[in-house]
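Asker:
Protein chains: 2
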Amino acid sequence: MESLGIAMIGCGTVGGGVAKLLDEQRVRLAERCGRNLVLRRVVVRDPSKIRANVPKAIVSTDASAAIHDPAVSVVLELVGGVTTAREHVLAALKAGKHVVTANKHLLAEHGAEIFETARKYERTVAFEASVAGGIPIIAAILQCLSANQVTAIQGILNGTSNFILSSMAEQGTGYAEALKEAQKRGYAEADPTLDVDGSDAAHKLAILAQIAFGVTAPFEAIERIGIANLHEMDLRFASELGYTIKLLAEAWLVEKEVALHVAPVLLRETDMLAQVRGAFNAVQVNGDAVGEMMFQGAGAGALPTASAVVADLVDLAVGRAQQTFQAAKLWSTNVRGFTLRPSQEVRSRFYLRVLVADKPGMLADVARVLADHSISIASVIQHEALEDHAEAIVPLVIMTHYAPTGQFRKAVEKINQLKGAIPPGVYYSVDD
Amino acid sequence: MESLGIAMIGCGTVGGGVAKLLDEQRVRLAERCGRNLVLRRVVVRDPSKIRANVPKAIVSTDASAAIHDPAVSVVLELVGGVTTAREHVLAALKAGKHVVTANKHLLAEHGAEIFETARKYERTVAFEASVAGGIPIIAAILQCLSANQVTAIQGILNGTSNFILSSMAEQGTGYAEALKEAQKRGYAEADPTLDVDGSDAAHKLAILAQIAFGVTAPFEAIERIGIANLHEMDLRFASELGYTIKLLAEAWLVEKEVALHVAPVLLRETDMLAQVRGAFNAVQVNGDAVGEMMFQGAGAGALPTASAVVADLVDLAVGRAQQTFQAAKLWSTNVRGFTLRPSQEVRSRFYLRVLVADKPGMLADVARVLADHSISIASVIQHEALEDHAEAIVPLVIMTHYAPTGQFRKAVEKINQLKGAIPPGVYYSVDD
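The listed protein sequences correspond, in order, to chains A and B.
For the first sequence, the numbering used here gives the first residue as 1, with consecutive numbering after it.
For the second sequence, the numbering used here gives the first residue as 1, with consecutive numbering after it.
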């Protein structure tokens with residue numbers, strides 16, 4: 001049986017999972033792709049460390065030697081980041097090697113350069129593990145839904161954030177405490193910034209926007225609102241209104257424009273995405289033929305992510321990955337002609353919570369500002385004064401009907417300036 | 001651009017959807033597979049009928065002429081049933097044509113013959129639409145989860161049954177009324193027998209068992225319990241205990257044996273499958289690397305099913321389907337060596353509801369029988385006497401711990417014979 005030689009650059013959590021599967025499931029994998037998947041080289045920073053499932057003889061610090069080894073035909077990039085990862089990927093393609101990567105950050109920022117280089121050298125880049133870990137969302141959109149134009153994507157793409165929001169909503173814990181628990185369980189990094197500020201989800205959304213709509217979205221073009229400032233009070237009000245707040249990465253097709261954002265969004269409690277708890281990931285995809293679909297599973301972790309990486313290796317061994325790569329023409333000519341819609345033009349319903357002095361006329365003033373901006377109110381909650389404020393302060397919660405985001409934001413700016421209002425008014429999109 | 005010539009045999013609901021996609025999305029599909037997908041022949045019983053998206057000139061009643069047309073390289077079998085469908089599929093393969101089919105009944109009964117013929121004539125059979133309509137569960141298991149051994153599958157594979165159960169649980173409607181509503185909405189056939197008795201789901205489960213475990217399950221080997229005798233009372237008790245009842249098609253790997261059944265099952269209300277409402281389908285798959293995954297979407301309907309059929313056509317045009325077919329070796333040698341586990345050996349928790357005379361000692365008698373069969377009780381509900389019985393009758397509801405099915409059934413037989421019990425005792429599996 002022929003072999004497929006693999007060089008793995010980086011051997012952290014995911015790399016360990018990949019080595020485990022390649023080693024322990026050798027027979028199973030060979031049976032499924034008609035070739036032996038053989039790990040020939042593993043490149044790490046510290047070769048003295050003992051690694052399970054990795055023979056010491058194949059470990060080195062020399063990425064270039066691994067890439068240029070004639071026995072290697074696939075380079076698996078698992079170092080992360082965008083600097084050396086980019087160099088390794090480009091070098092591998094130029095050396096005539098296929099590339100498998102789980103690096104969303106790299107593809108989101110350098111997708112065009114990498115895919116162009118791959119096409120030039122007639123090599124394939126496979127990247128199933130870069131979005132939503134073990135969930136095969138890339139294959140689903142590129143292959144399984146190929147009869148459809150995707151019209152909308154809503155994803156819970158960051159497990160750390162979802163774990164935090166689930167804990168806050170279900171146990172009523174505060175943000176800081178929920179984050180600590182996520183770190184204790186190994187979901188969140190010591191520095192969780194990229195998770196909780198929406199950057200990680202935005203990188204993944206950029207990849208999904210490319211495969212579903214053919215648009216290249218610069219990172220700055222994706223509006224990001226994280227969860228670090230989300231208040232327990234807003235989760236409670238949302239719940240009272242029958243909604244759950246989730247950090248969603250969303251992309252919609254509106255006419256010929258694609259709207260993208262990462263933000264906390266209010267979902268109806270009966271919505272499938274609202275049910276996704278803990279560190280799970282989920283992606284809802286709407287297709288113009290298939291309708292609404294949802295995929296849910298582990299979005300991170302050694303073995304779930306390795307499951308996606310090894311599926312790419314199997315696809316390369318079988319030859320499917322090469323065909324998909326050629327057919328998909330990613331980061332290439334924008335054949336569908338979609339462009340990005342500026343965020344202020346996106347129409348949405350909104351949840352607005354503003355703290356106001358407990359005095360007559362405040363609701364009238366806020367409602368007047370919204371009316372002046374042609375924003376129609378769907379419902380209102382006004383509660384008793386908050387106990388933890390010295391003066392009498394009440395939270396005023398308003399759900400609006402659909403309005404353009406830019407228009408709504410102008411209204412909130414005005415509301416922030418109202419006498420008796422305690423800025424800033426906090427607002428989130430509402431999905432129906 | 002080269003063409004892929006298609007002959008479609010049968011042009012009902014799904015055929016109409018396929019014709020619509022091929023006609024209206026011609027440009028999109030050609031762009032995605034580098035070939036024009038061209039409908040060359042449509043074979044129907046009544047060619048005089050006007051069909052949208054199908055030029056009259058390509059319609060005929062002559063299946064053989066369509067199959068042997070040199071301009072046709074793929075035959076799309078959409079007639080359903082197992083008699084003429086089998087003949088057309090075998091004839092097509094022998095004529096050197098690839099086959100795409102949505103016919104679960106045919107594959108469940110004649111999979112071995114069809115796949116063997118396809119291998120002999122070096123042609124491909126693609127069948128994504130045969131299970132769960134628009135949900136790409138075949139591709140998910142065969143390709144995307146190729147690094148995994150699937151360890152369990154739980155599917156809501158019959159939309160009609162799920163619609164009926166959802167209506168009964170949510171609106172408290174009776175079975176007959178819910179079925180009528182399903183028929184009114186076009187979910188259920190005039191004769192809904194195959195839907196509600198579990199046969200349709202069992203056909204789909206046989207296909208999933210083949211692709212996930214490599215086992216060929218004769219139809220009779222899959223135990224089927226339908227929903228036609230499900231009583232509202234049991235939905236209410238289940239709800240009281242925190243469970244929802246769903247008609248599930250389930251397959252588990254236990255040691256080297258695969259257990260299969262289609263039956264109403266109690267799921268915890270927080271379980272993802274318990275949330276699947278209305279006519280949707282959903283499949284939960286556990287893989288030994290990826291963990292728990294769930295796929296949800298439309299399991300029937302013209303365009304969702306056509307979405308899966310056309311994805312197969314695209315995969316054939318690109319060449320992926322041929323590679324997957326070769327690599328998967330379906331209905332072939334059972335390389336994994338799994339066998340079927342007899343249903344009585346399957347261990348499960350059970351919900352048991354038995355009507356008993358409202359007299360002292362009944363609970364003691366029932367509990368004694370269970371104890372004599374080494375079945376341990378987890379919880380009990382006993383309610384007030386039922387109003388609609390002339391004599392005083394009470395429903396006794398017992399949730400057991402794990403027990404072998406055969407052992408449990410023997411106990412129920414004994415309980416049915418107890419003095420004061422009104423047989424039969426009704427029982428369902430409980431998934432935790």
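From the three backbone atoms N, C-alpha and C, an ideal C-beta is built for every residue, glycine too.
All values reported here derive from a predicted model rather than from experimental measurement.
Quick check: is the beta carbon of Met168/A nearer than 8 Å to any beta carbon in chain B?
Answerer: No, no contact with chain B.
Asker: Distance, Cα to Cα, Trp252/B vs Arg347/B?
Answerer: Near 11 Å, if we compare the C-alpha coordinates of Arg347/B and Trp252/B.
Asker: What ranges does the beta strand (DSSP E) occupy inside the stretch 235-259 of chain A, keeping only unbroken runs of at least 3 residues that lie completely in it?
Answerer: Runs found: 243-254.
Asker: Against Arg268/A, what residues of chain B qualify as contacts under a CB-to-CB distance less than 7 Å, listed in chain order?
Answerer: Within chain B, no residue comes near Arg268/A; the closest Cβ sits about 12 Å away, beyond 7 Å.
Asker: Under a Cβ-count criterion, where at least 16 other Cβ atoms within 10 Å of its own Cβ denotes burial, should Phe163/A be classed as buried or exposed?
Answerer: Looking at its Cβ environment, which holds 16 or more other Cβ atoms inside 10 Å, Phe163/A is buried.
Asker: Does Thr324/B get closer than 8 Å to chain A when you measure Cβ to Cβ?
Answerer: Yes, Thr324/B lies at the interface with chain A (some Cβ there is under 8 Å from its Cβ).
Asker: Please report how far the alpha carbon of Ser379/A lies from the alpha carbon of Ala411/A, in whole angstroms.
Answerer: Roughly 17 Å separates the two Cα atoms.
Asker: On a CA-only basis, which of Leu370/B, Ser307/B, Ala176/B, Val265/B is nearest Val290/A? Give me that one, please.
Answerer: Per the Cα distances, Ser307/B.
Asker: Relative to the alpha-carbon of Arg40/A, which residue among Lys120/A, Ile207/A, Gly34/A, Val54/A has its alpha-carbon at the smallest distance?
Answerer: Nearest of Lys120/A, Ile207/A, Gly34/A, Val54/A to Arg40/A, Cα basis: Val54/A.
Asker: Here's the rule: buried if 16 or more other CB atoms are within 10 angstroms of the residue's CB, otherwise exposed. What is Gln219/B?
Answerer: Here residue 219/B turns out to be Phe, not Gln, going by the sequence shown. Under this definition Phe219/B is an exposed residue.
Asker: Report the rounded CA-to-CA distance for Gln322/A versus Gly287/B, giving the unit in angstroms.
Answerer: The alpha-carbon atoms of Gln322/A and Gly287/B are separated by roughly 25 Å.
Asker: Using a beta-carbon distance cut-off of less than 8 Å, what residues from the stretch 18-45 of chain B approach chain A?
Answerer: For the stretch 18-45 of chain B, which is checked against every Cβ of chain A, the residues closer than 8 Å are Leu21, Gln25, Arg28, Leu29, Glu31, Arg32, Cys33, Gly34.
Asker: Can you give, in chain order, each stretch of the alpha helix (DSSP H) that sits fully within the stretch 285-323 of chain A and has at least 4 residues?
Answerer: Those alpha helix (DSSP H) runs which fall completely within the stretch 285-323 of chain A and span 4+ residues are 302-318.
Asker: Could you tell me whether the Cβ of Gly291/B comes closer than 8 Å to any Cβ of chain A?
Answerer: Yes, Gly291/B lies at the interface with chain A (some Cβ there is under 8 Å from its Cβ).
Asker: Nearest to Phe280/B by CA position, among Ser374/B, Leu247/B, Asp46/B, Val74/B, is which residue?
Answerer: Of Ser374/B, Leu247/B, Asp46/B, Val74/B, the residue nearest in Cα terms is Leu247/B.
Asker: Spell out the partners DSSP gives Arg224/B in its beta bridges.
Answerer: Beta-bridge pairing links Arg224/B to Val262/B.
Asker: Which residue from Asn36/B, Glu255/B, Arg341/B, Arg35/B puts its Cα closest to that of Thr151/B?
Answerer: Comparing Cα positions, the closest option is Glu255/B.
Asker: Which residues, in chain order, does the stretch 292-305 of chain A contribute to contact with chain B at a C-beta distance below 7 Å?
Answerer: Hits within the stretch, in order: Glu292, Met293, Met294, Phe295, Gln296, Gly297, Ala298, Leu303, Pro304.
Asker: How would you label Met362/B, buried or exposed, when you count the other beta carbons within 10 angstroms and need 16 or more for buried?
Answerer: Buried, by the Cβ-count rule.
Asker: Taking only beta-carbon atoms, is Val335/B less than 8 Å away from chain A?
Answerer: Chain A contact via Cβ: present.
Asker: Go ahead and pull the three-state DSSP assignment for Thr61/A.
Answerer: Coil at Thr61/A, not helix or strand.
Asker: Distance, Cα to Cα, Gln275/A vs His68/A?
Answerer: So the alpha carbons of these two residues sit roughly 47 Å apart.
Asker: If we require 4 or more residues per run, which alpha helix (DSSP H) segments fall completely within the stretch 12-74 of chain A?
Answerer: Complete alpha helix (DSSP H) runs here, min 4: 13-24, 26-33, 63-68.
Asker: Any idea what DSSP makes of Asn281/A, helix, strand or coil?
Answerer: Three-state DSSP puts Asn281/A in a strand.
Asker: Excluding the five sequence neighbours on either side, which residues of its own chain have a C-beta within less than 7 Å of the C-beta of Ala139/A, listed in chain order?
Answerer: Cβ within range, chain order: Glu128.
Asker: Drop a sphere of 10 angstroms on the beta-carbon of Val335/B, count the other beta-carbons inside from all chains shown, and report buried for 16 or more, exposed for fewer.
Answerer: Val335/B is exposed by the Cβ-count criterion.
Asker: When you compare only the Cα positions, how much space is there between Ile222/A and Pro395/A?
Answerer: Going by the C-alpha atoms only, they are around 30 Å apart.
Asker: Per DSSP, which one or two residues make a beta bridge with Asp372/B?
Answerer: Looking at the DSSP assignment, Asp372/B forms no beta bridge with any residue, so it has no partner.
Asker: In the DSSP assignment, the beta strand (DSSP E) including Gly428/B goes from what residue to what residue?
Answerer: Correcting the residue identity first, residue 428/B is Tyr in this sequence and not Gly. Unbroken beta strand (DSSP E) run through Tyr428/B: 421-431.
Asker: Closer than 8 Å by beta-carbon distance: list the chain B residues that pair up with Leu145/A, in chain order.
Answerer: What Leu145/A touches in chain B: Pro136, Ser307, Ala311.
Asker: Using only CA atoms, which one of Val309/A, Ala217/A, Glu384/A, Ser161/A lies nearest to Ala108/A?
Answerer: Cα-wise, what sits closest to Ala108/A is Ala217/A.
Asker: For Asn162/A, decide whether its Cβ has a neighbour in chain B, counting only Cβ atoms nearer than 8 Å.
Answerer: Asn162/A does not count as touching chain B.
Asker: Which runs of the beta strand (DSSP E) at least 3 residues long sit entirely within the stretch 133-158 of chain B? Give them in chain order.
Answerer: The stretch 133-158 of chain B contains these whole beta strand (DSSP E) runs: 150-156.
Asker: Relative to the alpha-carbon of Tyr187/A, which residue among Pro360/A, Pro404/A, Ala298/A, Gly406/A has its alpha-carbon at the smallest distance?
Answerer: Checked all of Pro360/A, Pro404/A, Ala298/A, Gly406/A; the closest Cα to Tyr187/A is Ala298/A.
Asker: Taking CB distances under 8 Å as the criterion, tell me whether Met446/B reaches chain A.
Answerer: As displayed, chain B neither begins before 1 nor continues past 432, which places residue 446/B out of reach and without an answer.
Asker: How far does the alpha helix (DSSP H) with Ala212/A in it extend, from its first residue to its last?
Answerer: Residues 199-213.
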